[in-house]
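Numbering (the numbering used here), first residue to last: 280 to 647. Since the structure comes first, as structure tokens, the remarks are kept for the end.
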Ligand SMILES: Cc1ncc(COP(=O)(O)O)c(C=O)c1O
């Protein structure tokens with residue numbers, strides 16, 4: 280059995296440090312916004328080439344709070360990619376703003392920046408690039424577009440902790456960058472968690488109040504905020520894990536290269552392109568094949584866990600039918616939803632397992 284995600288092996292390698300970190304929180308009994316939260320925020324901001332970080336309850340909340348912090352709401356539009364996890368779009372629509380979807384680029388799997396310009400209207404206030412699967416969006420092109428139309432950039436970096444684009448970390452390009460610490464992420468907590476990074480002091484101060492009932496000091500509430508704080512125990516876990524993130528990301532990249540080597544030229548597979556720089560941190564290893572469903576079943580019958588990211592495009596989800604899109608307007612996203620397949624991907628995935636998966640895939644194509 281080769282699981283799609285394996286959180287246990289990684290945990291075994293840091294068990295004592297995690298226990299010590301959690302033990303410290305329990306001993307101090309400062310459970311809400313305790314020291315571990317501020318120390319993590321400081322380290323994570325620096326890690327992300329940003330001045331500040333604000334820990335919040337989830338990646339979804341990070342996106343929601345970021346949109347609200349810019350006073351974007353009813354009557355406004357925010358552009359994002361049609362192939363993403365639903366939370367990206369929830370982050371926009373919770374504020375009352377309308378999500379405007381743009382098809383994705385078949386080479387990068389990210390928002391198609393040539394198509395994005397046509398989606399801009401006088402109501403557009405912001406653009407939310409998603410560094411999907413850990414691959415950075417081509418940020419210089421996106422920044423030029425945002426500047427041309429005076430749009431704010433809020434990055435959804437929930438899958439891209441540590442990814443670098445032209446020497447800078449993803450999350451640091453926009454006015455805010457949003458992260459998720461969902462357990463399976465490259466930097467995952469042992470429960471829910473998220474963060475917003477920014478280099479604006481004004482936004483930092485506002486976000487700190489927003490996550491804490493709109494409160495600058497206890498029992499004084501300047502506006503209707505939220506209860507969305509990064510849990511102190513989760514921050515203690517993240518303080519340990521942040522130290523290993525670069526090493527784990529390197530392991531993912533190494534494994535992605537191994538997959539590419541072993542699977543190159545096999546069947547009709549379209550593999551992710553890997554350049555030396557800006558290739559991302561491989562939160563997921565995603566390939567394409569017209570035989571996706573058959574191959575997925577074959578792998579699963581042979582004990583290999585796989586995933587589809589994502590089987591139903593945003594505009595076809597029950598939650599977003601009201602946007603009124605026609606699937607034909609998103610030809611690449613449509614193909615992706617039928618053809619993409621994610622193979623197991625984590626730093627702890629050993630070479631012999633990758634060999635085994637590659638052998639199985641080759642056998643599948645011989646038989647089919
Ligand atoms: C691209 C993307 N955006 C947002 C989120 C939301 O994060 P969370 O699950 O922490 O709310 C996730 C992950 O779940 C994600 O993959």
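Note that beta-carbon positions come from the ideal geometry of N, C-alpha and C, so glycine has one too.
- Residue 435 is bridged by DSSP to 409, 457.
- 8 Å or more divides the Cβ of residue 297 from the Cβ of residue 511.
- Along the region 522-565, the alpha helix (DSSP H) occurs as fully enclosed runs of 4 or more residues at 524-542, listed in sequence order.
- For residue 578 and residue 312, the gap between their C-alpha atoms comes out near 44 Å.
- Within the chosen limit of 7 Å, ligand 1 reaches the beta carbon of residue 473 through at least one heavy atom.
- With contacts defined by Cβ atoms closer than 8 Å, residue 375 and residue 508 do not form a contacting pair.
- Placement of the Cβ of residue 450 at a distance of 7 Å or more from every heavy atom of ligand 1 is found.
- In the pairwise beta carbon analysis, the region 445-462 is classified as touching the region 328-346: at least three pairs are separated by under 8 Å.
- DSSP links residue 390 through a beta bridge to 383.
- In the same chain as residue 339, and ignoring 5 residues on each side of it, the C-beta atoms closer than 8 Å to its own belong to 366, 369, 370, 459, 473, in chain order.
- Ranked by Cα distance from residue 608, the options 401, 337, 351, 379 are led by 379.
- Going by DSSP, residue 425 is part of the alpha helix (DSSP H) stretching over 418-428.
- As computed with DSSP, residue 357 is found in a beta bridge with 378, 405.
- Within the model, the alpha-carbon separation for residue 494 versus residue 487 is close to 8 Å.
- Pairing residue 364 with residue 585 gives a Cβ-Cβ distance that is not under 8 Å.
- Take the alpha-carbon of residue 345 and the one of residue 373: they are about 11 Å apart.
- Closest option to residue 457, judged by alpha-carbon separation, among 347, 420, 526, 504: 347.
- The Cβ atoms of residue 561 and residue 467 do not sit closer than 8 Å to each other.
- For residue 583, there is no enclosing alpha helix (DSSP H), since its DSSP letter is neither H nor E.
- Secondary structure note for residue 475: its beta strand (DSSP E) is the uninterrupted segment 473-477.
- As DSSP reads the structure, residue 332 sits in a beta bridge with 476.
- Two segments are said to touch when three or more pairs of C-beta atoms, one from each, lie closer than 8 Å; by this definition the region 406-421 touches the region 385-393.
- At a Cβ-Cβ threshold of 8 Å, residue 564 and residue 479 do not count as neighbours.
- The three-state reading of DSSP puts residue 614 in helix, counting H, G and I together.
- Annotated as distal: residue 336 and residue 435, with beta-carbon spacing of 8 Å or more.
- In the three-state DSSP reduction, residue 571 falls in the helix class (H, G or I).
- Taking C-beta atoms as the reference points, residue 469 and residue 293 fail to come closer than 8 Å.
- Here the distance from the Cβ of residue 461 to the nearest heavy atom of ligand 1 is below 7 Å.
- Within the model, the alpha-carbon separation for residue 396 versus residue 420 is close to 11 Å.
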